[in-house]
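Asker:
Number of protein chains: 2
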Amino acid sequence: MELSERKMKILQAVVRNYLETGEPVGSRTISKYTDLNLSSATIRNEMADLEEMGYIVQPHTSAGRIPSDSGYRLYVDTMMEEKTKEVEELKEDLLKKEERLDQLLKQTAKLLATNTNYATMISAPSIHKNKLKLIQLSRVNTTQLLTVIVVEGNVIKNSIINITDEITEETVLKLNILLNTHLNGMSIDEINLGLISSLKQQAGIHSDIVGEVIDAVAEAIHEEEDLEIYTSGANNIFKYPELADGKMASEIVGTFEEKQELNELVVRTLEQENNTGIQVYIGDESPVKAMKDCSIVTATYDLGEGMKGTIGIIGPKRMDYDKVVDNLKGVMHQLDSIYKK
Amino acid sequence: MELSERKMKILQAVVRNYLETGEPVGSRTISKYTDLNLSSATIRNEMADLEEMGYIVQPHTSAGRIPSDSGYRLYVDTMMEEKTKEVEELKEDLLKKEERLDQLLKQTAKLLATNTNYATMISAPSIHKNKLKLIQLSRVNTTQLLTVIVVEGNVIKNSIINITDEITEETVLKLNILLNTHLNGMSIDEINLGLISSLKQQAGIHSDIVGEVIDAVAEAIHEEEDLEIYTSGANNIFKYPELADGKMASEIVGTFEEKQELNELVVRTLEQENNTGIQVYIGDESPVKAMKDCSIVTATYDLGEGMKGTIGIIGPKRMDYDKVVDNLKGVMHQLDSIYKK
DNA sequence: GTTAGCACTCAATTTAGGCGAGTGCTAATA
DNA sequence: TATTAGCACTCGCCTAAATTGAGTGCTAAC
Numbered sequence: 001m002e003l004s005e006r007k008m009k010i011l012q013a014v015v016r017n018y019l020e021t022g023e024p025v026g027s028r029t030i031s032k033y034t035d036l037n038l039s040s041a042t043i044r045n046e047m048a049d050l051e052e053m054g055y056i057v058q059p060h061t062s063a064g065r066i067p068s069d070s071g072y073r074l075y076v077d078t079m080m081e082e083k084t085k086e087v088e089e090l091k092e093d094l095l096k097k098e099e100r101l102d103q104l105l106k107q108t109a110k111l112l113a114t115n116t117n118y119a120t121m122i123s124a125p126s127i128h129k130n131k132l133k134l135i136q137l138s139r140v141n142t143t144q145l146l147t148v149i150v151v152e153g154n155v156i157k158n159s160i161i162n163i164t165d166e167i168t169e170e171t172v173l174k175l176n177i178l179l180n181t182h183l184n185g186m187s188i189d190e191i192n193l194g195l196i197s198s199l200k201q202q203a204g205i206h207s208d209i210v211g212e213v214i215d216a217v218a219e220a221i222h223e224e225e226d227l228e229i230y231t232s233g234a235n236n237i238f239k240y241p242e243l244a245d246g247k248m249a250s251e252i253v254g255t256f257e258e259k260q261e262l263n264e265l266v267v268r269t270l271e272q273e274n275n276t277g278i279q280v281y282i283g284d285e286s287p288v289k290a291m292k293d294c295s296i297v298t299a300t301y302d303l304g305e306g307m308k309g310t311i312g313i314i315g316p317k318r319m320d321y322d323k324v325v326d327n328l329k330g331v332m333h334q335l336d337s338i339y340k341k
Numbered sequence: 342m343e344l345s346e347r348k349m350k351i352l353q354a355v356v357r358n359y360l361e362t363g364e365p366v367g368s369r370t371i372s373k374y375t376d377l378n379l380s381s382a383t384i385r386n387e388m389a390d391l392e393e394m395g396y397i398v399q400p401h402t403s404a405g406r407i408p409s410d411s412g413y414r415l416y417v418d419t420m421m422e423e424k425t426k427e428v429e430e431l432k433e434d435l436l437k438k439e440e441r442l443d444q445l446l447k448q449t450a451k452l453l454a455t456n457t458n459y460a461t462m463i464s465a466p467s468i469h470k471n472k473l474k475l476i477q478l479s480r481v482n483t484t485q486l487l488t489v490i491v492v493e494g495n496v497i498k499n500s501i502i503n504i505t506d507e508i509t510e511e512t513v514l515k516l517n518i519l520l521n522t523h524l525n526g527m528s529i530d531e532i533n534l535g536l537i538s539s540l541k542q543q544a545g546i547h548s549d550i551v552g553e554v555i556d557a558v559a560e561a562i563h564e565e566e567d568l569e570i571y572t573s574g575a576n577n578i579f580k581y582p583e584l585a586d587g588k589m590a591s592e593i594v595g596t597f598e599e600k601q602e603l604n605e606l607v608v609r610t611l612e613q614e615n616n617t618g619i620q621v622y623i624g625d626e627s628p629v630k631a632m633k634d635c636s637i638v639t640a641t642y643d644l645g646e647g648m649k650g651t652i653g654i655i656g657p658k659r660m661d662y663d664k665v666v667d668n669l670k671g672v673m674h675q676l677d678s679i680y681k682k
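Residue numbers (our numbering), protein chains in the order written: chain A, 1 to 341; chain B, 342 to 682.
#1: When the Cβ atoms of the region 110-125 of chain A are set against those of the region 359-367 of chain B, are three or more pairs found closer than 8 Å?
#2: What residues from chain A crowd round residue 477(B), counting only those whose CB sits closer than 9 Å?
#3: Determine contact between the region 658-671 of chain B and the region 617-630 of chain B, defined as no fewer than three beta-carbon pairs at a distance below 8 Å.
#4: Would you report the Cα separation of residue 13(A) and residue 298(A), rounded to the nearest angstrom?
#5: Shorter than 8 Å from the beta carbon of residue 250(A) to some beta carbon of chain B?
#6: Smallest Cα separation from residue 474(B): which of 525(B), 650(B) and 544(B)?
#7: Identify the continuous beta strand (DSSP E) that holds residue 141(A) and give its terminal residues.
#8: When DSSP labels each residue in this structure, what does residue 532(B) get in the three-state scheme?
#9: If we count Cβ pairs, one from each stretch, closer than 8 Å, do we get three or more for the region 280-289 of chain A versus the region 226-240 of chain A?
#10: Should residue 133(A) be flagged as near chain B, meaning a C-beta pair shorter than 8 Å?
#11: State the Cα-Cα distance for the pair residue 8(A) and residue 312(A), rounded to the nearest angstrom.
#12: Return helix, strand or coil for residue 151(A), following the three-state DSSP convention.
#13: Output yes if chain B places a C-beta closer than 8 Å to the C-beta of residue 254(A); else output no.
#14: Please report whether the beta-carbon of residue 686(B) lies at a distance below 8 Å from any beta-carbon of chain A.
#15: Just to confirm before moving on: does the CB-CB distance between residue 629(B) and residue 611(B) stay below 8 Å?
#16: Checking 8 Å against the spacing of the C-beta atoms, do residue 594(B) and residue 490(B) come in under that value?
#17: My output table needs one value for residue 57(A): the three-state DSSP class, helix, strand or coil.
#18: By alpha-carbon positions, which one of 372(B), 454(B) and 389(B) ends up nearest to residue 655(B)?
#19: If I'm right that residue 352(B) touches residue 397(B) with Cβ under 8 Å, what's the distance once you round it to whole angstroms?
#20: Could you tell me the boundaries of the beta strand (DSSP E) in which residue 657(B) lies?
#21: List the residues of chain B that residue 156(A) touches, going by C-beta distances under 9 Å, in chain order.
#22: Reducing DSSP to helix, strand and coil, say where residue 302(A) ends up.
#23: Distance check for residue 450(B) and residue 163(A), CA to CA, integer angstroms please.
#24: Which value, in whole angstroms, describes the spacing of the CA atoms of residue 533(B) and residue 552(B)?
#25: In chain A, which residues lie less than 7 Å from residue 585(B) when you measure between Cβ atoms?
#26: From what residue to what residue does the beta strand (DSSP E) around residue 571(B) run?
#27: Is residue 281(A) helix, strand or coil when you go by DSSP?
#28: Taking Cβ positions only, does residue 263(A) come closer than 8 Å to chain B?
#29: Could you give the residue range of the beta strand (DSSP E) that holds residue 462(B)?
#30: Report the three-state DSSP secondary structure of residue 3(A) (helix, strand or coil).
#31: Output yes if chain A places a C-beta closer than 8 Å to the C-beta of residue 389(B); else output no.
#32: Can you check which of these residues, 677(B), 369(B) and 631(B), is closest to residue 648(B) by C-alpha distance?
#33: Taking the continuous alpha helix (DSSP H) assigned at residue 583(B), which residues delimit it?
#34: For a contact defined as C-beta to C-beta under 9 Å, what are the partners of residue 290(A) on chain B?
#35: Closer than 8 Å, CB to CB, is residue 450(B) near chain A or not?
#36: Step through the CB atoms of chain A and report whether any lies within less than 8 Å of the CB of residue 557(B).
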């Protein structure tokens, strides 16, 4: 059976109505809701077809229909095609330039959560291909060194490393010069084994320290990649009864607190990137198992220089996809204008 | 009316039983539960007295009794007196020395949450009276300086400050020496206006930069004090039906995510410190309004040098106070042994 | 002072009936 | 042939009434 224009319109009507009310929608409602001028009986016939095709389901006999996962999927896909709507500017004052990227992202997550009434997450950009702006060693005491690494976008990472042999202030100065002259301005991918051994050689008897520093750099980057995820509005899920009850709410809240699993979402989103930068996961499609009864809309932002990160909005399947997509586009636009010089 | 030995025993039985079951407990249950060998009728008489005295309440006529807030209070207080139980060692491997304090605290919060099945929070120590180990300025580019502040316990804070006039590498070096020679080893309280103006004077034309740096220090400290709170196990509340439903769960989860309000708890706990270091807030006594139907047990840990912080465990009123107190004491003991040299 | 016995209370659970939204099918209509 | 009106039927939901049972307070006996 093929999907006629009319069936498509009816499907859209079912989805839209269900998004608003959260209740199953019946044929009579549709017959008035659309401009098709068809009686409820006709609609019923069409709906029976749509059900057979798997786009809508009945929670029980003699109830209205609700969209199935593939119904949502079809709706979202066609909607995204039709929509080249203008990007709506978000309030500038909330997104004014922050010196610290992490603060900015935290704030953005919060803004999105308040705006949309869904739960949000933002991953800090992976800094893989990003340029090192500054590496700085400082002597804390005779056996401890502080390493500070600053990369493009003022992302700052620091760690304390313990050293076995005592070290003088002068040596630290020398090492700083050595490291900075060779590493500043380099992308992190470029710091390869050859470079490292060359550095170690130049450091002479302090080669072990260079090794430790490089390890610390690697670790700092690793930590960044793994887990730097900001979340907000987890408690928004309580606004949607279908997500608010016991077990499910507990799992969602747990996932948001733990953050570990959200990383899966970031990874998947970055690798499957499509042309618009916006992706939708519906129900079982979700990479995060705790959210198999949710929909997730993700966007990839790109601050240039390979700094890419993921924004995710998590809500019920009947989320307001239009609004969410608008918001995401707005935020992406803002981020661009802030960081692209 | 006075509180006889027997009444006390009955009250304890009511509380203990209610802690386990979460259901109102009746006279017949008590009559078997205790070793008093009294009939249910006698228990009923005593319970009537206890109710009159305000220690227990009936949710409705012809239901069993549950402890009132002051019933819990009495129970907790007497329990704390009787208990000089040996501090139980927590698994060492989980609490092995971490170089970074924040990592350690995060891990501890998680450990406590898993152990107790309640929600937990830990505030990073206020560094008010803490000694500065290192202050470090680095030139990121011609108009940006990176400030790194390291205090006792390897708590690291950094911020980027923008400067108007260009600055050379040499000047930065001079400023570093100036700041470090005067500020290292000082407690943060000691950095007062007199010292600041003296520093500014010595900095000559770069006095404005010193001002900015000091501001950054102040801001970093402020941020630390305000908001550095680690939480874990918020979703544990779903294990207790009386907290799991809609509105209340939403508020609790929201508070845990926002963290702002938890600060109130930290402040109150630190200022009301008692001899054991452990405090219990029951119901309305809670400084955090979202948790007025919970109980909160807090402990103050002290890493020496004025580094004090708060650990809080949040659960239903019928929480297992014994277990919680044990766990808290264990953690405090561990923290002590790790940081007291 | 303690206990057995009994009438009473009241939340919680079960049961039954009515309502109404919505369906599928059939026959009539354009 | 596509559309529509009409009708019997289904079934979740709501309400009210009936039932159950845990627990109480009181009284009288021990």
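Note that CB positions come from ideal geometry on N, CA and C, so glycine has one too.
Answerer: Checking against the coordinates, here is how it stands:
#1: In this structure the region 110-125 of chain A does not touch the region 359-367 of chain B; the number of beta carbon pairs closer than 8 Å is below three.
#2: Those are 136, 138, 146 and 148, listed as they occur along chain A.
#3: Touching, per the Cβ criterion.
#4: Put simply, the backbone Cα of residue 13(A) is about 25 Å away from that of residue 298(A).
#5: Yes, residue 250(A) lies at the interface with chain B (some Cβ there is under 8 Å from its Cβ).
#6: Out of 525(B), 650(B) and 544(B), 525(B) has the C-alpha closest to the C-alpha of residue 474(B).
#7: Segment 132-141, the beta strand (DSSP E) holding residue 141(A).
#8: Of the three classes helix, strand and coil, the one that applies to residue 532(B) here is coil, per DSSP.
#9: Inter-segment contact for the region 280-289 of chain A and the region 226-240 of chain A is absent: fewer than three beta-carbon pairs are separated by less than 8 Å.
#10: At least one chain B Cβ lies under 8 Å of residue 133(A).
#11: It is roughly 28 Å from the alpha-carbon of residue 8(A) to the alpha-carbon of residue 312(A).
#12: Assigned with DSSP and collapsed to three states, residue 151(A) falls in strand.
#13: Contact with chain B is found for residue 254(A), since one of that chain's Cβ atoms lies less than 8 Å from the residue's Cβ.
#14: Residue 686(B) cannot be examined here, being either before or after the span of chain B that is shown, 342 to 682.
#15: It is not a contact, given that the beta carbons lie outside the stated cut-off.
#16: The Cβ-Cβ distance between residue 594(B) and residue 490(B) does not fall below 8 Å.
#17: The DSSP-derived three-state label of residue 57(A) is strand.
#18: Minimum Cα distance to residue 655(B) is reached at 454(B).
#19: Right, their Cβ atoms sit about 7 Å apart.
#20: Per DSSP, residue 657(B) belongs to the beta strand (DSSP E) from 649-657.
#21: Ordered by position in chain B, the residues that pass the 9 Å Cβ test against residue 156(A) are 487, 489, 499, 500 and 501.
#22: The answer is strand: DSSP assigns residue 302(A) an E or B state.
#23: Cα to Cα, the separation comes out at about 29 Å.
#24: The C-alpha of residue 552(B) is placed about 12 Å away from the C-alpha of residue 533(B).
#25: Here the neighbours are 246.
#26: For residue 571(B), the enclosing beta strand (DSSP E) stretches over residues 570-573.
#27: Strand, per DSSP.
#28: So, not an interface residue.
#29: Residues 460-464.
#30: Coil at residue 3(A), not helix or strand.
#31: Interface with chain A (8 Å Cβ-Cβ cutoff): residue 389(B) is excluded.
#32: The option with the nearest alpha carbon to residue 648(B) is 677(B).
#33: Per DSSP, residue 583(B) belongs to the alpha helix (DSSP H) from 582-585.
#34: Result: empty, since nearest Cβ-Cβ is about 10 Å, beyond 9 Å.
#35: By this cut-off, residue 450(B) is not an interface position.
#36: Chain A, which has no Cβ nearer than 8 Å to the Cβ of residue 557(B), makes this no.
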